[in-house]
Each structure stands twice: as structure tokens, then as C-alpha cells.
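So the structure is just underneath, and the comments pick up after that.
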Amino acid sequence: MTISLASPLQIGDLTLKNRFVLASLMRDRNPGTVPTELNVEYYRQRVTAGLLLSEGIMIEPLGSEWTNAAGIFSEKQIAGWKKVTDAVHAEGSIIFAQLWHAGRMTHPALQAGQPTVGPSAIAAKGGKFRQLVGYV
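Take the sequence shown: its letters are residues 57 to 192, numbered as in the working numbering.
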């Protein structure tokens, strides 16, 4: 039996229009962590895939590794993501949210003086962070 990538796929109660999946890609183009019309257009341009996985979406304010990462912990952010999902659904595609918290890898400059939180008390090592003037 041969199955075409263009054929529908049933996943539980969801039917994907085809078997193509857009992988999650970090974009960091969300001023104030709120999705904008640029997000709507970005995902709308990719609705030929049956399933789209969103960029990593912060679940709380101190969970970011980058500035301008999208969040989903405020009413404005939820409203922004609703516009995205409505646009994707209007084109017959499905989108899943990739919920994200950077844990011990959160950027110190984005912690507002708060301690880093994560699933382990082991501190991050390796000198990953350096200040880039104009970015943080």
C-alpha cells in the first residue's frame, strides 16, 4: 500500500488535510512579546502544510532566552495568537502551540532582577551569554 504525502491524516479527532508539517522555528519578532499582524501573515503563508507547529511560546514573563519571543500569559498575547489560529483554521490547516520555558538557560538580562527558575538547581555553564549592544 502506498500513501501519498498529499493524502489526509487522522490524528485523534483531528484530520490533517495532508501529511506535511511545518516545524517550530523561533522568530523573535514579537514586540513586547505580543504576536502581531506579521505573525498572522507568516503562518498564513505556510498553511499549505496540514499541521503547523508554532514558534516556542513563553508561558511566563521570566521564561525567555531572547527578547521579542512570543508569550501566551497575557490577554494581549492570547488575542494575538487567536488571530493567528483563526487565519490558519480559515485556510483549512491546524496549528499546535509549542509551549516553552527556557529554565536555567533564561537570559540574565531578561530576568528583571529575579532569580532564574528551572527544573533543577544546577546552574547553566559555558559562557553562553554575552551582551550585544542594541539587542538587550
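In this text, a Cβ means the ideal position worked out from N, Cα and C, and glycines have one as well. Note that the coordinates shown come from a computational prediction; the quantities given were computed from them, not determined experimentally.
{"Check": "Environment of M114 [buried if 16+ CB atoms lie within 10 Å]", "Outcome": "buried"}
{"Check": "Neighbourhood of R75 by C-beta, 7 Å cutoff - its chain only, sequence neighbours within 5 removed", "Outcome": "L61, S63, L65 and G106"}
{"Check": "Proximity winner among P164, E147 and F152, relative to L108 (alpha-carbon distances)", "Outcome": "F152"}
{"Check": "Same chain, Cβ closer than 6 Å to H157, five either side skipped, listed in chain order", "Outcome": "I115 and G119"}
{"Check": "Buried/exposed call for G112, threshold 16 Cβ in 10 Å", "Outcome": "buried"}
{"Check": "Option nearest E121 by Cα separation, candidates I67, S149, G174 and I59", "Outcome": "G174"}
{"Check": "Completely contained alpha helix (DSSP H) runs for the stretch 71 to 159, where each covers 4 or more residues", "Outcome": "93 to 100 and 131 to 146"}
{"Check": "Meets three-Cβ-pair contact criterion under 8 Å: the stretch 67 to 85 and the stretch 129 to 143", "Outcome": "no"}
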